[in-house]
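Here's the structure we're looking at; comments come further down.
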Amino acid sequence: MKPKLLLPFFLLLFCCIKVKADIPRINTDQLKAKAKQSLTFCRQRGYNTRYCILIDMSAPSGVKRFVVWDFKKNDSLISGLVSHGCGRNPWSGVWSKDKPAFSNLDGSHCTALGKYTIDSRAWSAWGIHVKYYLTGLESTNNNALARQIVFHSWEQVAETEVYPNGTPEGWGCPAISNNTMKIVDALLKKQKKHVLLWIYQ
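Counting from 2, one number per residue, gives the positions in the sequence shown under this note's numbering.
Printed below as a string of structure tokens:
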């Protein structure tokens, strides 16, 4: 390549690297700390000690903030996009992609923070037609069953990161992409003990 053509090439390369570097990510130190706390919690409660699901709501909805954690490998097994509740905003928009509101109140259309038990598998009208009931284990999310907050997939959740755009917002359910759910569903069906799902900020 001629010397005078090298400068534009390196400028383009630098810009691409810079844009990539500016994409926010979940806090890996916090993720590992939550995974460690989760394992202690699961051992104490007699829950599944091979996997848990961690969702970091402090990250923008356009990046992968949904993680299936493998306790045995002490590392992330699967990651993907996940929706949060729209709150007072119109359903399926991306109004609160960076700063979601959280609530445990029925009718709030918000996601509730806290630890959940992933319970029975059932048919869903959304995504790949699979959902898992969730039981909230804390005062911040103990209305999950009454609010019909479930774990499911949704056609509007992309398979790859969309940042700086956001993931469409529902009525409070943690919804993931169809292909991610196919993998997670196959994993969950094999587990004999309750799997922990923890939504934190």
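Ideal Cβ placement from N, Cα and C applies to all residues, glycine included.
key: Neighbourhood of I54 by C-beta distance below 6 Å, restricted to the same chain and skipping five residues each side   = V69, L198
task = Could you check if I150 is buried or exposed, using at least 16 other CB atoms within 10 Å of its CB as the buried criterion?
result = buried
query = Leaving out the 5 sequence neighbours to the left and right, which residues in its chain are closer than 6 Å to K193 when beta-carbon positions are compared?
reply = none
ask   = Can you list, in chain order, the residues of its chain whose CB lies under 7 Å from that of S178, leaving out five sequence neighbours each side?
value = G81, L82, S154, V158, A159, E160
query = Within the chosen definition, does the stretch 164-173 reach the stretch 91-100 through at least 3 CB pairs nearer than 8 Å?
reply = yes
ask   = How about L114: is its Cβ closer than 7 Å to a heavy atom in the ligand NAP?
value = In the structure on display, the ligand NAP does not appear, and there are no ligands present to speak of.
query = What are the partner residues of I119, as DSSP defines its beta bridges?
reply = L135, V196
ask   = Excluding the five sequence neighbours on either side, which residues of its own chain have a C-beta within less than 8 Å of the C-beta of K190, listed in chain order?
value = R122
query = What residue range is occupied by the uninterrupted beta strand (DSSP E) comprising I79?
reply = 76-81
Neighbourhood of L146 by C-beta, 8 Å cutoff - its chain only, sequence neighbours within 5 removed = Y134, L135, T136, G137
query = Nearest CA to the CA of L106: which residue from E156, W92, N142, K65?
reply = For L106, the nearest C-alpha among the options comes from N142.
task = Thinking I79 and T181 are a contact (beta carbons under 8 Å), I'd like their distance in whole angstroms, please.
result = 7 Å
request  = Quick one: grab the DSSP three-state call for S154.
outcome  = Strand at S154.
request  = Taking the CB atoms as reference points, tell me whether P175 and T118 lie closer together than 8 Å.
outcome  = No, Cβ-Cβ distance for P175 and T118 is not below 8 Å.
Spatial distance of N75 from A126 (CA atoms) = 34 Å
Alpha-carbon spacing of L40 relative to S59, whole angstroms = 21 Å
key: Straight-line gap, A1 to S104 (C-alpha atoms, nearest Å)   = In the structure displayed, the chain extends from 2 to 202; residue 1 sits before or after that span and is not available.
message = Can you tell me whether V185 is helix, strand or coil according to DSSP?
response = DSSP places V185 in helix when its eight states are reduced to three.
query = Measuring CA to CA, which of P91, I24, N28, F72 is closest to G173?
reply = The shortest Cα separation from G173 among P91, I24, N28, F72 belongs to P91.
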